[in-house]
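In the numbering used here, the protein residues as written are 10 to 262.
From the three backbone atoms N, C-alpha and C, an ideal C-beta is built for every residue, glycine too.
Owing to the predicted nature of the structure, the values given are computational and were not obtained by experimental measurement.
Encoded as structure tokens, the structure appears first; notes follow it.
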């Protein structure tokens, strides 16, 4: 599926359902009311490369496993590139700017997000209930709220990224009532370069252990990192200086 122009449709520009081993490349899918390019449900082992998907609700949206999403441009969407319930995908060398979130993962595990440029979004990258993902060597620049936000997600590696000009560079947060199965644990954040952020790394846990809505706890500042005390318990933290301006951080319950 290549060389097509699919613009200004009431629904999707390009839509594939239960699709396998397709090559979706070199298409233009702009100004559609829903997704520019949508691979929906059980879409596995596809290549999505070199497409332009701008000014849609979702630029490129995929529900499936083992897909390669590379060298696409997805600007001015609500979400630039979105994975839901999707594992073992590669998101490589894409550009996703001027959106609510440049790259967004929901309930998606074991994905590799590397070499992308995400700029001038509200959130550069956002992970929600997504575990064991690698976020490596991305340029995350001038995103107004957060460079990278991590919600109710664990065992993710965030390394060798350039994170510049956000209110918060990396924001980890959780709610007890929303994280019954997935807790903020064992995320590793190291060897990133931070510059021009109001705060580089912030971790908050909201509500009390009994779910009584006690609000946020008392923040602790340690080497530029804000943590949280919940019911008098400090979550263990190891900080080591890494290469250049990065910090190595392991957050465990």
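- A buried status is given to residue 125, since no fewer than 16 other beta-carbon atoms sit within 10 Å of its beta-carbon.
- If you draw a straight line from the Cα of residue 30 to the Cα of residue 52, it comes to about 9 Å.
- Within 10 angstroms of the beta-carbon of residue 11 lie fewer than 16 other beta-carbons, which makes it exposed.
- The Cβ atoms of residue 50 and residue 26 sit closer than 8 Å to each other.
- The alpha-carbon of residue 94 is positioned some 5 Å away from that of residue 116.
- For residue 68, the closest alpha carbon among the candidates 128, 43, 54 is that of 43.
- Its chain contains 101, 145, 146 as the residues whose beta carbon lies nearer than 6 Å to that of residue 123, once the 5 sequence neighbours on both sides are disregarded; these appear in chain order.
- Of 84, 76, 57, 77, the smallest CA-CA separation from residue 40 is found for 84.
- Looking from the CA of residue 162, the closest CA among 114, 169, 202, 168 belongs to 114.
- Non-local beta-carbon contacts of residue 153 in its own chain, meaning distances under 6 Å to residues more than five positions away in sequence, involve 131 in chain order.
- Here the alpha carbons of residue 184 and residue 164 stand approximately 17 Å from one another.
- Taking residue 107 as the centre and dropping the five residues before and after it, the same chain places the C-beta of 84, 85, 129 closer than 6 Å to its C-beta, in chain order.
- Beta bridge pairing from DSSP links residue 154 with no other residue.
- Residue 208 is bridged by DSSP to 177.
- Here residue 209 is buried, its C-beta having at least 16 other C-beta atoms within 10 Å.
- Beta-bridge analysis with DSSP links residue 99 to 77, 121.
- Beta-bridge partners of residue 143 (DSSP): 121, 166.
- Restricting attention to 91, 138, 188, 133, the CA atom closest to the CA of residue 178 is found in 133.
- Closest in C-alpha terms to residue 160, from the list 150, 174, 188, comes 188.
- Within the same chain, and ignoring the five residues on either side of residue 17 in sequence, the residues whose Cβ sits closer than 6 Å to its Cβ are 40.
- Counting C-beta atoms within 10 angstroms of its own C-beta, residue 110 has 16 or more neighbours from the protein chains shown and is therefore classed as buried.
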